[in-house]
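*Asks:* Note that the protein sequences, when read in sequence, are chains A and B. Its first residue numbered 3, the first sequence is counted upward by one per residue in our numbering. Its first residue numbered 3, the second sequence is counted upward by one per residue in our numbering.
Protein chains: 2
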Amino acid sequence: MKAEILAVGTEILLGDIVNTNAQYIAKRLADLGITVYHQSVVGDNPERLLEAYRLAFSRADLVITTGGLGPTKDDLTKEVAFEYFGKKSVVHEASLKIIEDYFKKSNRVMVESNKKQAYFPVDAVILPNNNGTAPGCIIEENKKIVVLLPGPPFEMKPMFEESVVPYLKKFEQGVLVSKVLRVIGVGESSAAEMIGDILDTQTNPTVAPYAKEGEVTFRITSKANTYDEGIKLMEPMEAEIRSRLGNDNIYGEGNVTLESVLCEMLVNKKLTISTAESCTGGMVAAALISYPGISSVFMEGAVTYTNDAKINRLGVKKETLDKYGAVSSEVAAEMALGIAKTAGTSIGISTTGIAGPGGGSDEKPVGLVYVGLYINNQVKTKMLKLSGDRQKVRARATKQLLDWVRRELL
Amino acid sequence: MKAEILAVGTEILLGDIVNTNAQYIAKRLADLGITVYHQSVVGDNPERLLEAYRLAFSRADLVITTGGLGPTKDDLTKEVAFEYFGKKSVVHEASLKIIEDYFKKSNRVMVESNKKQAYFPVDAVILPNNNGTAPGCIIEENKKIVVLLPGPPFEMKPMFEESVVPYLKKFEQGVLVSKVLRVIGVGESSAAEMIGDILDTQTNPTVAPYAKEGEVTFRITSKANTYDEGIKLMEPMEAEIRSRLGNDNIYGEGNVTLESVLCEMLVNKKLTISTAESCTGGMVAAALISYPGISSVFMEGAVTYTNDAKINRLGVKKETLDKYGAVSSEVAAEMALGIAKTAGTSIGISTTGIAGPGGGSDEKPVGLVYVGLYINNQVKTKMLKLSGDRQKVRARATKQLLDWVRRELL
């Protein structure tokens with residue numbers, strides 16, 4: 003089966019946003035063994051959009067669109083698709099009800115134009131939108147299939163996973179089985195080098211590295227007749243990759259995050275934790291609290307941005323601040339100890355650093371961050387030298403601190 | 003002049019990388035007043051690539067490609083373009099010399115295939131590559147122009163700025179001037195309805211709405227002979243949009259964030275602030291601390307996830323917690339007051355809510371969040387009913403609280 007991805011939106015043509023949807027869908031179609039030869043972008047213009055459908059269906063059997071399902075008159079993707087297929091649309095009562103409820107629940111006024119989002123041909127497959135008002139849909143006609151998805155990635159991705167993937171499975175020939183290994187503490191090029199010969203000689207299973215902010219993932223994919231066969235096929239490669247990269251560096255598999263892995267360990271081991279943050283300013287606490295169920299072990303966080311707050315809240319000594327400065331190993335240690343003691347937790351963690359862009363010096367440059375960890379009645383610190391802008395330095399410090407705690411609990 | 007952007011590379015079709023080049027080039031062409039109606043992606047396949055050139059030149063005068071200028075046999079963008087234009091290529095000695103020097107300098111062995119990168123038609127305009135081995139080029143023939151650029155963004159962008167922009171200036175007809183208005187507190191469909199007649203009748207300037215997580219932006223674009231004329235042309239429309247949407251709802255222009263706008267206000271007004279968070283767990287503090295220079299006004303944040311922490315850290319009364327529960331207007335008020343008093347700040351803000359997925363009840367469902375604001379010696383609270391998963395509820399609560407503080411400071 004050949005597919006095309008068609009993004010609709012003048013904001014992409016103007017370069018206001020990056021078309022990340024195309025990449026997401028392309029990757030998932032590749033996983034499903036569906037071939038993509040073309041991706042296109044067209045604006046919110048009915049003539050060019052109709053022409054884009056004609057072109058796409060002249061080359062492919064399946065066209066997946068993103069964007070243009072909104073309530074405004076600019077949003078035409080659906081209407082032009084119906085025109086292309088010669089279909090009339092009527093109100094889909096179940097969708098209308100959901101849209102009405104959505105507005106009620108969020109205390110917003112539903113306007114007339116929102117109703118447009120509930121209009122579909124009677125034979126369309128409706129794709130529910132659990133994260134917005136625009137449902138998607140699938141139309142199948144004479145072996146041509148169009149899948150219409152909303153533009154915002156946080157609406158599109160869940161809809162794709164929940165409704166489109168199960169639908170497309172029926173076209174799958176054999177099964178593709180994938181497993182993602184999540185690696186932290188090894189750079190992408192080092193990681194790729196460590197398994198260079200595997201990358202060069204891969205056939206089935208295949209392995210693809212992908213670098214994300216501070217992490218590398220390896221997706222192993224095998225093609226087989228059954229799921230179990232596929233899993234079996236990838237086992238030797240997975241074992242080899244794990245042994246080359248070091249098992250400690252692989253923090254999880256599949257759709258997990260570093261914080262969820264750490265939080266699960268904390269909850270299972272019943273280890274209480276508290277945080278004392280300066281430069282990260284709440285990011286460490288926010289990451290931990292993203293985990294549902296963390297309330298049984300997360301006790302308290304302090305964002306002690308000023309010296310006074312460090313002294314009053316955490317009992318950091320004024321002399322320590324005077325002698326070593328707020329950004330120092332000594333202060334990180336007293337912060338971690340201080341929050342653990344006042345919050346009465348088994349673990350206390352801390353950050354203090356220079357996130358920039360200002361505030362750096364030769365001795366203490368932007369990107370210098372000390373992290374502290376109180377655990378097993380001992381306090382330790384680490385010095386991190388991080389690159390990137392203010393947000394990156396803060397995010398990287400958060401990640402490295404959480405990873406440090408994870409490794410301590412292995 | 004009409005242009006198209008054509009990215010060449012199987013790695014984009016497979017979803018291994020995001021096509022950020024298209025966005026960069028689209029934005030720069032818009033700046034130059036060059037219209038883009040289509041963007042496409044095609045793989046490293048000679049037949050489909052030739053067809054892509056034919057299609058693109060049937061719709062546009064200028065085609066800008068990225069990718070496929072490398073030394074391997076897969077890299078065909080240049081060769082197929084020469085074929086399309088019926089041009090022979092010969093070695094370009096100056097380019098060959100640069101490539102040879104590049105290898106010498108980086109102590110790498112130059113292989114035969116690298117010479118391919120120095121082959122061009124005699125009448126091509128060569129675009130030097132100061133960040134890699136592949137030169138780009140421009141071919142102009144019968145009023146059709148192809149610009150061939152390398153794929154890696156760190157090679158493509160400087161080449162575009164150094165060589166392509168000066169070349170394209172000669173085709174510039176007037177300028178496109180854009181301004182983005184950032185709206186919060188009004189949904190996309192309501193906002194679009196409020197200016198429906200403007201959206202319907204727009205010609206020059208134009209206005210385009212775009213929805214992002216909890217916000218809507220309106221991009222006004224005018225086409226004029228000079229920048230000043232363009233600005234003048236959009237003034238009446240901007241004034242009208244501002245008056246329809248309500249100036250309070252427009253929090254900023256251009257590339258700003260809600261938190262940066264609020265933090266600038268706080269710093270300018272010298273208003274100190276502190277935060278007490280339960281369900282948002284540090285996100286409010288982290289958002290404020292994302293602003294460089296916030297240290298002059300942000301004093302302290304408390305992540306008081308447990309009742310004990312609320313009592314000990316913030317002086318929330320045990321009776322209040324017992325009587326109304328942790329998720330209540332009363333507790334939000336005591337938290338905001340408590341943090342402002344202990345941190346000694348002019349403003350104290352608080353959050354307490356049920357982010358889910360568990361913990362909800364009929365009376366207090368998931369998504370119920372109370373936010374508190376202590377300001378001008380008064381404490382107020384607001385009840386929010388938010389939709390979405392745990393992360394969305396927390397992010398939306400953060401945004402609405404920050405927006406509330408912003409409105410109080412107007």
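Glycine is no exception: its CB is placed at the ideal position from the N, C-alpha and C atoms.
#1: What is the DSSP secondary structure of LYS4 of chain A, reduced to helix, strand or coil?
#2: Within 7 Å of any Cβ in chain A, is that where the Cβ of VAL188 of chain B sits?
#3: Does MET161 of chain A pass the burial test, meaning 16 or more other C-beta atoms within 10 Å, or should it be called exposed?
#4: Between the stretch 61-77 of chain A and the stretch 106-117 of chain A, do at least 3 Cβ pairs fall closer than 8 Å?
#5: How far does the beta strand (DSSP E) with VAL185 of chain B in it extend, from its first residue to its last?
#6: Let me make sure I understand the geometry here. Which of A:ALA226, A:LEU170, A:VAL167 has the alpha-carbon closest to that of VAL177 of chain A?
#7: Across which residues does DSSP place HIS40 of chain A in a beta bridge pair?
#8: Should GLY1 of chain B and ILE291 of chain A be called a contact, given that it needs their Cβ atoms to be closer than 7 Å?
#9: For the alpha helix (DSSP H) containing ARG221 of chain A, name the first residue and the last one.
#10: Answer yes or no: do ILE349 of chain B and THR277 of chain B have a C-beta to C-beta separation smaller than 7 Å?
#11: Is the Cβ-Cβ distance between ASN109 of chain A and LYS214 of chain B less than 7 Å?
#12: Which residue comes first and which comes last in the beta strand (DSSP E) that contains ILE141 of chain A?
#13: How many Å lie between ASP77 of chain B and LEU150 of chain B at the Cα?
#14: Which chain B residues sit within Cβ distance under 7 Å of MET285 of chain A?
#15: Using the rule of at least 16 other Cβ atoms within 10 Å of the residue's Cβ for burial, across every protein chain shown, is ALA96 of chain B buried or exposed?
#16: Name the residue from A:GLY248, A:ALA9, A:LYS172, A:ILE222 whose alpha carbon lies nearest to the alpha carbon of GLN204 of chain A.
#17: Starting from the C-beta of GLY2 of chain A, find all residues in its chain whose C-beta is less than 7 Å away, skip the five residues before and the five after it, and write them out in chain order.
#18: At least one CB of chain B closer than 7 Å to the CB of SER331 of chain A: is that the case?
#19: Is the stretch 288-307 of chain B touching the stretch 368-387 of chain B in the sense that three or more CB pairs, one from each, lie closer than 8 Å?
#20: Skipping 5 residues on each side, what residues in its chain have a beta carbon closer than 6 Å to that of LYS382 of chain A?
#21: Within 7 Å (strictly less), CB to CB, does LEU15 of chain A reach chain B?
#22: Using 10 angstroms around the beta-carbon of THR79 of chain B, count the other beta-carbons present and answer buried if the total reaches 16, otherwise exposed.
#23: Taking all protein chains shown into account, decide if GLU237 of chain B is buried (16 or more other Cβ within 10 angstroms of its Cβ) or exposed.
#24: Pull up the distance between the alpha-carbon of ILE313 of chain A and that of ALA342 of chain B, whole angstroms please.
#25: Sort B:GLN25, B:LEU247, B:VAL407, B:GLY361 by Cα distance to GLU266 of chain B and report the nearest one.
#26: Any beta carbon from chain A within less than 7 Å of SER192 of chain B's own beta carbon?
#27: Please state if the CB of GLY340 of chain A and the CB of VAL318 of chain A are separated by a distance shorter than 7 Å.
#28: Nearest to VAL258 of chain B by alpha carbon, out of B:VAL182, B:SER42, B:GLU365?
#29: Report yes or no: is there a C-beta of chain B within less than 7 Å of the C-beta of GLN380 of chain A?
#30: Using a Cβ distance threshold of 8 Å, determine whether the stretch 239-258 of chain A contacts the stretch 194-204 of chain A, with at least three qualifying pairs required.
#31: Any idea which residues DSSP pairs LEU129 of chain B with across the strands?
#32: Could you work out which residues of chain A lie near TYR212 of chain B, taking near to mean beta carbons separated by less than 8 Å?
#33: Just mark ASN21 of chain A as buried or exposed, buried being the case when its beta carbon has 16 or more other beta carbons within 10 Å.
#34: Can you pull the chain B neighbours of LYS225 of chain A, defined as C-beta to C-beta under 9 Å?
#35: Evaluate ASP18 of chain A with the Cβ neighbour count: other Cβ atoms within 10 Å of its Cβ, from every protein chain shown; 16 or more gives buried, anything less gives exposed.
#36: CA-CA distance, VAL124 of chain B and CYS139 of chain A?
*Replies:* On the basis of the supplied data:
#1: Here DSSP, grouped into helix, strand and coil, assigns LYS4 of chain A to strand.
#2: Under the Cβ distance rule, VAL188 of chain B does not count among the residues neighbouring chain A, no pair being separated by less than 7 Å.
#3: buried
#4: yes
#5: 177-186
#6: When only C-alpha atoms are compared, the closest one is A:ALA226.
#7: A:GLU6, B:VAL44
#8: In the structure as shown, chain B starts at 3 and stops at 412, and residue 1 of chain B therefore has no counterpart that could be examined.
#9: Segment 217-226 is the beta strand (DSSP E) holding ARG221 of chain A; no alpha helix (DSSP H) there.
#10: For ILE349 of chain B and THR277 of chain B, no; Cβs fall outside 7 Å.
#11: no
#12: Residues 138-143.
#13: In this structure, the alpha-carbon of ASP77 of chain B lies about 12 Å from that of LEU150 of chain B.
#14: Residues of chain B passing the Cβ test: GLY284, ALA288.
#15: exposed
#16: A:ILE222
#17: There is no way to answer for residue 2 of chain A, as the model of chain A reaches only from 3 to 412.
#18: no
#19: no
#20: Excluding sequence positions up to five before and after LYS382 of chain A, its CB lies within less than 6 Å of the CB of LEU375, all in the same chain and listed in chain order.
#21: With a threshold of 7 Å between beta carbons, LEU15 of chain A makes contact with chain B.
#22: With 16 or more other Cβ atoms inside 10 Å of its own Cβ, THR79 of chain B counts as buried.
#23: exposed
#24: 17 Å
#25: B:VAL407
#26: Yes, its Cβ sits closer than 7 Å to a Cβ of chain A.
#27: yes
#28: B:VAL182
#29: Output row for GLN380 of chain A: interface = no.
#30: Flag = yes, the stretch 239-258 of chain A and the stretch 194-204 of chain A touch.
#31: B:GLY138
#32: GLU13, ASP18, ILE19
#33: buried
#34: Against chain B, the beta carbon of LYS225 of chain A has no neighbour under 9 Å; the closest one sits roughly 15 Å away.
#35: buried
#36: Rounded to the nearest angstrom, the gap between the Cα atoms of VAL124 of chain B and CYS139 of chain A is 52 Å.
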